[in-house]
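Going letter by letter, the sequence shown gives residues 0 to 482 in numbering that gives the first Met the number 0. Here's the structure, in structure tokens; my notes come after.
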Amino acid sequence: MEDSAKVSPQSSSLNLYFLPFPTPGHMNPLIDLAKVVAFYGHQVTILTTPSNVELIPKHLKVHTFNFPSDQIGLPQGLENLSSAQDNETAYKIWKAMTLIKPQIENFVHQNPPHALILDTMFTWGASKLTTNINGNVNIPTVVFNSMPIFVSCIAEALSSHPQVLASDSSVPFVVPGGLPHDLTLSVKPTPTRFGAFAHPLLHAKQNNSHGIIVNSFAELEHGYTHYYEKLTGAKLWHVGMTSLMVDYCENRSTAEKDSADNECLKWLSSKEPRSVVYICFGSLTRLQKEQYLEIARGIEASGHKFLWVFPKNKNNEVEEEMLPQGFEERMKENDIGMVVRGWVPQCLILKHVSIGGFITHCGWNSVTEGICAGVPMITMPRFGDQILNEKLVSEVHKVGVEVGVLEWSMSPYDARSKVVGWEQIENAVRRVMKDESGELNKRVKEMKEKAHKAVQKGGSSCENLIALLQSLQQKNDHVVDAN
């Protein structure tokens with residue numbers, strides 16, 4: 000598209016490898032980045048395992064590594080965290096990905112690219128990998144952070160003040176460390192659990208890498224980019240939102256036309272502007288039955304129409320009894336709500352004029368899609384970075400209203416003993432949908448405009464990506480000259 004900008008034609012084509020971690024929240028944005036880089040005229044190869052190939056567009060080159068199913072004790076074909084249903088399986092998938100490091104090293108040594116771009120989760124071996132490769136063929140590595148650098152800033156702040164987590168002081172508490180904003184966390188992890196969560200984020204800066212690519216845009220993280228670079232000395236490249244950048248590089252009209260007959264969109268088209276609440280907790284998040292019941296009661300009490308999407312489980316099923324008996328039938332009969340099981344065109348739904356609010360688990364991809372669509376959020380994080388992402392939405396930019404979280408969790412499969420009450424959910428929905436001052440919608444619309452501007456020609460993300468590719472080209476030219 001004419002709003003997109005290609006790298007100067009004088010630049011030689013780069014040969015770049017992309018190594019995504021196999022879970023939707025990490026894999027999708029890195030593949031989107033690879034699409035954009037390919038659009039800019041560079042050679043792209045995705046490194047992955049056999050069962051994940053089907054998730055990669057056919058026009059991108061793929062190289063597969065053997066997944067050690069037998070060695071790790073997993074059934075054949077179970078190679079993505081979206082297929083896990085418990086912590087044991089999720090850990091085995093993570094462990095398996097550490098075991099493919101020798102295959103990665105061998106392939107990269109034998110077929111050296113100009114650079115290797117790898118997900119943050121692979122920093123278990125990136126330092127050694129980088130050292131080995133650079134010692135032989137001078138290949139730069141770039142770490143890809145699928146989350147906002149805002150999360151890494153909080154991780155850095157808390158890790159440098161361990162006494163805060165080690166103390167028995169009550170919550171909520173203000174995050175120490177001199178962050179650009181005073182941020183209050185309502186839950187406190189143990190030092191051990193926080194350490195496990197923060198390890199890949201803290202380790203990313205320690206690698207002998209060319210920098211860290213961030214799936215966010217500079218205007219969204221104003222202040223935090225400078226904070227992180229000054230604190231760590233690492234170079235950041237904000238190139239997001241990668242999914243939005245793809246929109247400006249590829250013709251999406253065909254996909255939108257193909258989705259026009261979707262039942263969700265048909266139902267939404269029969270509703271008034273800004274009258275429907277969209278509810279979705281992502282592909283990994285699982286709530287306990289009691290929490291589903293409270294959400295159902297809260298949304299019904301709010302009096303607002305809703306579209307509620309449930310992901311399917313490993314058997315391609317959704318547990319219908321998670322909803323109150325007769326709830327779905329009553330909502331359908333009165334044309335108040337629609338319940339959908341399985342995949343939906345979420346970006347198109349969020350862009351629909353009838354959507355007025357988004358109940359989200361605060362997975363970063365969902366947050367960015369909400370921002371890019373200009374939809375205010377009702378935040379209900381469940382685990383990990385979601386708990387911190389909520390603060391960027393509600394406290395920093397004030398484009399959403401918190402429902403919050405009552406327990407710190409590292410995993411979607413952790414057992415939980417506490418449930419957020421329906422009254423709190425109802426109140427948050429009413430506040431977003433009513434928006435008496437209009438300030439909430441004004442702020443999210445302004446952020447939407449900044450997001451779209453960032454990925455267009457001359458925008459911050461577009462310019463950052465061009466600068467990154469040019470710096471990799473210059474690094475390669477220096478290597479050639481030295482030889």
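Just so you know, even glycine gets a beta-carbon here, dropped at the ideal spot from N, CA and C. Just so you know, these numbers come straight off a predicted model, no measurement behind them.
For M376, the uninterrupted beta strand (DSSP E) run begins and ends at 376–378, by DSSP. Inclusion of L178 and T119 in the CB contact set at 9 Å is not warranted, their separation being larger than that value. Within the same chain, S301 come within 7 Å of R429 by CB-CB distance, once the 5 residues on both sides are set aside. The residues P190, in chain order, have a CB closer than 7 Å to that of P161 in the same chain once the five nearest residues on each side in sequence are set aside. L387 is a Cβ neighbour of V150, given a cutoff of 9 Å.
Per DSSP, the continuous alpha helix (DSSP H) segment holding L264 begins and ends at 262–268. Rounded to whole angstroms, the gap between the alpha carbons of F64 and H58 is 19 Å. The alpha helix (DSSP H) runs lying completely inside the segment 372–419 and spanning 4 residues or more are 384–390, given in chain order.
By the neighbour-count criterion, in which a residue is buried when 16 or more other Cβ atoms sit within 10 angstroms of its Cβ, W407 is buried. Here the alpha carbon of S282 sits roughly 10 Å from the alpha carbon of V308. Across the structure, E448 and E262 are spaced so that their CA atoms are roughly 29 Å apart. Straight-line measurement puts the Cα of L29 at about 16 Å from the Cα of V454. DSSP places D118 in the strand class (E or B) of the three-state scheme.
The Cβ atoms of K304 and K331 do not sit closer than 9 Å to each other. A Cβ-Cβ distance of about 14 Å is found for the pair V213 and L243, leaving them out of contact under the 8 Å criterion. Each residue's CA atom was taken as its position, placing I116 and T140 some 6 Å apart.
Rounded to whole angstroms, the separation of the alpha carbons of R381 and V186 is 11 Å. Rounded to the nearest whole angstrom, the CA to CA distance from D167 to I55 is 47 Å. Comparing alpha-carbon positions, the option among V170, S68, M379 lying closest to A89 turns out to be S68. In terms of Cβ geometry, P112 and N14 form a close pair [threshold 9 Å]. Listed in chain order, the alpha helix (DSSP H) runs fully inside the segment 135–170 are 148–158, 161–165, counting runs of at least 4 residues.
Scanning C461, G232, S159 for the CA closest to the CA of H198 turns up S159.
The three-state reading of DSSP puts C361 in coil, since its state is none of H, G, I, E or B. H360 places its beta carbon less than 9 Å from that of M379.
Three or more beta-carbon pairs separated by less than 8 Å are not found between the segment 383–402 and the segment 452–467, which leaves the two stretches without contact.
C-alpha of I92 to C-alpha of E289: approximately 29 Å in a straight line. If you ignore the 5 residues before and after P175, its C-beta comes within less than 7 Å of the C-beta of A156, H160, V163, all in its own chain and listed in chain order.
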